[in-house]
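Residue numbers (our numbering): 14 to 139.
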């Protein structure tokens, strides 16, 4: 790669630790002086990088349904049969989601001793 080229994350993934799932978000790159895109705040995670794009400065989730716990920048190698190996910068956003009110995963109230025992057994097996 050209040494004057700015390396920004090319592959971004969100890892939901609660649901044990990976998501590939829609990415909007905003550079200093650029207008900010019109994105709903409840679906917004802002990742701020330093001027060389090699260090994370700040990560903020504006979503009431997802909280960021960690953010990792990693280099990976990309092999192409026609070109030399290239280095890519990957960004993994770790976090936990909440149960949305319309979700089928909403916990039901405990109505009996058998139900309580089942809930405790399920909790221990996690």
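All C-beta atoms in this analysis are idealised placements derived from N, C-alpha and C, irrespective of residue type, glycine included.
- Pairing residue 107 with residue 28 gives a Cβ-Cβ distance under 9 Å.
- Taking 9 Å as the cut-off, the Cβ atoms of residue 22 and residue 104 count as close.
- Taken through DSSP and simplified to helix, strand or coil, residue 36 comes out as strand.
- The alpha-carbon of residue 130 is positioned some 13 Å away from that of residue 122.
- Residue range 126-137 is occupied by the alpha helix (DSSP H) that includes residue 133.
- Nearest in C-alpha terms to residue 61, of all of 138, 30, 52, 43, is 43.
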